[in-house]
Amino acid sequence: MTFRLTNTAKTYPDGTRALLSTKLTVKNGEIVSLLGPSGCGKTTLLRIIAGLETPDLGSDIWFDEDNVTSLPVERRNVGMVFQSYALFPNMSVRANIGYGLKMQKLSKPEIETRVSEVLEMCQLQKFSARAVNALSGGQRQRVALARAIAPRPRLLLLDEPLSALDASLRESLRDELAVLLREFNITAIFVTHDQDEAMAIADRVAVMSNGRIVQSGTPEELYRHPNSAFVAGFVGNAMRLDGKCTGSVLTLEGGGLRLPGEGSGNNVFVRAEDVRIDDNGSLCGQVETITFLGTHYRIGIKGITPNLLTSIFAGQSAPKVGQSVKVAIKPEALILLPAGEI
Amino acid sequence: MIKSKTKILQLTVTLTACAFLFVPIILSVLAGVTANYFQGISSGFTLKWVFRVWELYADSIFLSMRLAFSCLIMTLIIGLPAAYGLARNPGWLSRLLEEFISLPLAVPGLALALALLQLYGSMKGFRTSWTFILVGHVLYTMPFMVRSILAVLASIDLKTLEEGAATLGASPWQRFRDIVVPNAMPGILAGALTVVTLSIGEFNLTWMLHTPYLKTLPVGLADSYASMRLEVASAYTLVFFVLIVPLLMAMQWASARAQRISQ
Ligand SMILES: Nc1ncnc2c1ncn2[C@@H]1O[C@H](COP(=O)(O)OP(=O)(O)OP(=O)(O)O)[C@@H](O)[C@H]1O
Ligand SMILES: [Mg+2]
Chain L
0 MTFRLTNTAK
10 TYPDGTRALL
20 STKLTVKNGE
30 IVSLLGPSGC
40 GKTTLLRIIA
50 GLETPDLGSD
60 IWFDEDNVTS
70 LPVERRNVGM
80 VFQSYALFPN
90 MSVRANIGYG
100 LKMQKLSKPE
110 IETRVSEVLE
120 MCQLQKFSAR
130 AVNALSGGQR
140 QRVALARAIA
150 PRPRLLLLDE
160 PLSALDASLR
170 ESLRDELAVL
180 LREFNITAIF
190 VTHDQDEAMA
200 IADRVAVMSN
210 GRIVQSGTPE
220 ELYRHPNSAF
230 VAGFVGNAMR
240 LDGKCTGSVL
250 TLEGGGLRLP
260 GEGSGNNVFV
270 RAEDVRIDDN
280 GSLCGQVETI
290 TFLGTHYRIG
300 IKGITPNLLT
310 SIFAGQSAPK
320 VGQSVKVAIK
330 PEALILLPAG
340 EI
Chain E
0 MIKSKTKILQ
10 LTVTLTACAF
20 LFVPIILSVL
30 AGVTANYFQG
40 ISSGFTLKWV
50 FRVWELYADS
60 IFLSMRLAFS
70 CLIMTLIIGL
80 PAAYGLARNP
90 GWLSRLLEEF
100 ISLPLAVPGL
110 ALALALLQLY
120 GSMKGFRTSW
130 TFILVGHVLY
140 TMPFMVRSIL
150 AVLASIDLKT
160 LEEGAATLGA
170 SPWQRFRDIV
180 VPNAMPGILA
190 GALTVVTLSI
200 GEFNLTWMLH
210 TPYLKTLPVG
220 LADSYASMRL
230 EVASAYTLVF
240 FVLIVPLLMA
250 MQWASARAQR
260 ISQ
């Protein structure tokens, strides 16, 4: 199903403008992630799409050729996975998954077959007769997903489906979820504040900030060509190089850098993995912090920018704290963004 | 040694307390089946008095049953949606309403009855019908039903559960039936237990509202104490217990079961 939303905004009764006029299109079978910091309006947007929240006047939501803006939630045929899963404690796993099918008035045997099918896809056969309270967090997450997809919704919505799990489980379920969603071949919108999660699962990521979508694109596009300082910082943690641009040279506290183009009027950003400790580097700084992360070190260097400049160091022997180091950054690794906008 | 001593002490205290509660009841019940109370047990046992109670007060028994059952139905019909509404719309207005519903807890039954009499006393048909007592009982038991359901509903994330059901295609009525009621069941059962027991045992308010032709069990009990032989009054107590104890046990069992299921 193609999903389209135009001019959609939400002002809560207390005056909070949680969502400013927003446009979003999701192609058939596409998995889109809404990524943004806490409080930026992701859940609000998702709930408007589901029909759980009424958008401001003038908003328009289309499922294919149907305008569903004023359709109540129970008639929109969307599947939703809630952050807290919202499994029905008065029903078994099987009954939870079958509930949506029962609401569609399918026959008993038909419901049985469909539920069994979904149970198998989500590897939940063993737990089908259990009470939902007797499941682990990961199993509950899968039941919530199974319940949402069993009625074959036109659109699947997921609100931070992994955030209630602990870190190690989250990582393994993240990849599992990415595979499952593609297996279902379903159009899905998926909310998260974790960029790794968004990149691992989504075909396209829409970055949100302060109630609006600031940029949307494939994970690579966002990473390589952010259109604002916010996106550069939020996706891949780009650091700003605070200095003075003259022509195509940037002068920092710790030395000069060649820019890929005309620098004046631009802010310059770089990512930690592009900051290399190199004896032939043009920048000079002093090691302030070292963090060992197994496969690499993260090194904080002072004296180059007003804040610490972080470098990813993959070599065997890291420099010591206090040691002076030379730093090189390739011009093509620098991201230039027009100054003025935040 | 010390442990067993404290155990014995505990046991003694428990047994004493039980004896304190049960001995008067047993004596009273025994009096109801002795042929002549003043001659004591030696006069022999008889069921005469029990039958006599049945002859005299069968109406009271049926009236009380009917009242308790109707009261339960009314408190469910009004109390369940009320508790649901209060649980779904928390805020100062809901808290105020809850306090308002709970007022009959604080107002003495007599005062409540007096207010009802002042308001409806002149409506003759209503005043002399059993539904007049029913109104009193419903008012008096409603807070127990509402609060007991509200306590259960407040402990679950009802809003999200309902939203979950809504995304699966459930209409508001289906959500109420499939999600709200089953999850509120422990509270409903506990509330029902309280309502039925209170309605059957209620005296103050009922005594004020009753007419000579409308005596409930406790009112009949008072009447028999005042105007009958002691044996009849005692047999009445026996009948009262036979009726109410199995009821209490059944509902206790039901609510314990519901609680287990809900966990
Ligand atoms: N019912 C409400 N009434 C008033 N304001 C609300 C309501 N719900 C959310 N908000 C506000 O709207 C803004 C967006 O909230 P929303 O829940 O959409 O954020 P979010 O991006 O999902 O954040 P998180 O990552 O923390 O879940 C926040 O400032 C929040 O305080
Ligand atoms: Mg949220």
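Sequence order for the protein chains is L and E.
Using numbering that gives the first Met the number 0, the first residue of the first sequence is number 0, and each one after it goes up by one.
Using numbering that gives the first Met the number 0, the first residue of the second sequence is number 0, and each one after it goes up by one.
Glycine included, each C-beta is placed from N, C-alpha and C at the ideal position.
Since we're looking at a predicted model, the values are computed, not measured.
Can you pull the chain L residues whose beta carbon is under 7 Å from the beta carbon of PRO181 (chain E), in chain order?
Simply ASN89.
Identify whether ARG176 (chain E) lies in helix, strand or coil by the three-state DSSP scheme.
ARG176 (chain E) falls in the helix class under three-state DSSP.
In angstroms with no decimal places, state the Cα-to-Cα distance between PHE189 (chain L) and ASP65 (chain L).
If you take the alpha carbons of PHE189 (chain L) and ASP65 (chain L), they lie about 22 Å apart.
So which residues on chain E does MET120 (chain L) lean against when the C-beta distance must stay under 9 Å?
The premise fails here: MET120 (chain L) is roughly 18 Å from chain E at the closest Cβ pair, so nothing lies under 9 Å.
Output needed for LEU192 (chain E): all residues of its chain with C-beta closer than 8 Å, excluding positions within five of it in sequence on either side, in chain order.
The answer, listed in chain order, is LEU247, MET250, GLN251, ALA253, SER254.
How would you write the range of the beta strand (DSSP E) that ASN203 (chain E) sits in, first residue to last?
First-last for ASN203 (chain E): 203–208, but that is the alpha helix (DSSP H), not the beta strand (DSSP E).
What are the residues that DSSP puts in a beta bridge with ALA183 (chain E)?
Partner(s): none; ALA183 (chain E) has no beta bridge.
Using DSSP's beta-bridge definition, name the partner residues of LYS9 (chain L).
Partner(s): L:LEU18.
Closer than 6 Å: is that where the CB of HIS192 (chain L) sits relative to any heavy atom of ligand 1?
HIS192 (chain L): yes, Cβ under 6 Å from ligand 1.
Have a look at SER32 (chain L) and THR217 (chain L) and give me their C-alpha separation to the nearest angstrom.
For SER32 (chain L) and THR217 (chain L), the distance between alpha carbons rounds to 10 Å.
Does the contact criterion of 3 or more C-beta pairs under 8 Å hold for the segment 149–163 of chain E versus the segment 52–67 of chain L?
No, the segment 149–163 of chain E is not in contact with the segment 52–67 of chain L.
Is THR21 (chain L) close to ligand 2? I mean its beta-carbon at under 6 Å from any heavy atom of the ligand.
No, Cβ of THR21 (chain L) sits at least 6 Å from all heavy atoms of ligand 2.
Counting only beta-carbon atoms, is LEU51 (chain L) nearer than 7 Å to chain B?
Checking the listed chains, one finds no chain B in this structure; the protein chains it contains are L and E.
When the cut-off is 7 Å and only beta carbons count, does ALA85 (chain L) lie next to chain E?
Taking Cβ atoms only, chain E reaches closer than 7 Å to ALA85 (chain L), which makes this a yes.
When the Cα atoms are used, what is the spatial distance from SER310 (chain L) to ASN132 (chain L)?
If I take the Cα positions, the gap works out to 46 Å.
When you compare the segment 163–174 of chain E with the segment 72–92 of chain L, are there three or more beta-carbon pairs, one atom per stretch, that lie closer than 8 Å?
With the cut-off at 8 Å, the segment 163–174 of chain E and the segment 72–92 of chain L touch.
Is the segment 37–51 of chain L touching the segment 13–21 of chain L in the sense that three or more CB pairs, one from each, lie closer than 8 Å?
Cβ pair count under 8 Å is three or more, so yes.
Beta-carbon of LEU79 (chain E) versus every beta-carbon of chain L: anything under 7 Å?
LEU79 (chain E) does not count as touching chain L.
Going by alpha carbons, who is nearest to GLY284 (chain L) out of L:SER263, L:ARG270, L:LEU308, L:PHE268?
Selected option, being the one with the closest Cα: L:LEU308.
I want to verify the contact list: residues of chain E whose CB lies under 8 Å from the CB of PHE81 (chain L), in sequence order.
Residues of chain E passing the Cβ test: THR159, GLU162, GLY163.
If we count the other Cβ atoms within 10 Å of its Cβ and call it buried at 16 or more, is GLN194 (chain L) buried or exposed?
GLN194 (chain L) should be labelled buried.
Using a Cβ-based criterion (distance less than 6 Å to any ligand heavy atom), does THR42 (chain L) qualify as near ligand 4?
Only ligand 1 and ligand 2 can be found as ligands here, which leaves ligand 4 out of the picture.
Quick check: is any heavy atom of ligand 1 less than 6 Å from the C-beta of THR15 (chain L)?
THR15 (chain L): yes, Cβ under 6 Å from ligand 1.
Does the beta carbon of SER90 (chain E) fall short of 6 Å from some heavy atom of ligand 1?
Just to set this straight, residue 90 (chain E) is Gly in the shown sequence, not Ser. False, no ligand heavy atom lies under 6 Å from that Cβ.
Which of the three DSSP states is assigned to ILE30 (chain L) in this structure?
Three-state DSSP puts ILE30 (chain L) in a strand.
What residues of chain E sit near TYR98 (chain L), judged by a beta carbon separation below 8 Å?
Going along chain E in sequence order, the residues near TYR98 (chain L) (Cβ under 8 Å) are ALA164, LEU167, ALA169, ASP177.
Hey, is the segment 172–192 of chain L in contact with the segment 142–160 of chain L, meaning 3+ C-beta pairs nearer than 8 Å?
These segments touch.
Please confirm whether any heavy atom of ligand 1 lies closer than 6 Å to the CB of SER37 (chain L).
Result yes, Cβ under 6 Å from ligand 1.
Quick check on VAL238 (chain E): does DSSP put it in helix, strand or coil?
Of the three classes helix, strand and coil, the one that applies to VAL238 (chain E) here is helix, per DSSP.
Using a beta-carbon distance below 7 Å, is MET102 (chain L) in contact with chain E?
True, the Cβ-Cβ gap to chain E drops below 7 Å.
Counting along the chain, where does the alpha helix (DSSP H) carrying ALA197 (chain L) start and finish?
Start and end: 194–200.
Whose CA, out of L:ALA228, L:THR245, L:LYS243, L:THR21, lies closest to the CA of ALA237 (chain L)?
Nearest C-alpha to ALA237 (chain L): L:ALA228.
Does any residue of chain E bring its CB to less than 7 Å from the CB of VAL117 (chain L)?
Judged by the 7 Å Cβ criterion, VAL117 (chain L) is not in contact with chain E.
Cα-Cα, which of E:LEU10, E:LEU157, E:LYS2 is closest to GLY84 (chain E)?
Measuring from the Cα of GLY84 (chain E), the nearest candidate turns out to be E:LEU157.
What would DSSP say about TYR224 (chain E), mapped onto helix, strand or coil?
TYR224 (chain E) falls in the helix class under three-state DSSP.
Under 7 Å between the Cβ atoms of LEU144 (chain L) and VAL77 (chain L)?
It is not a contact, given that the beta carbons lie outside the stated cut-off.
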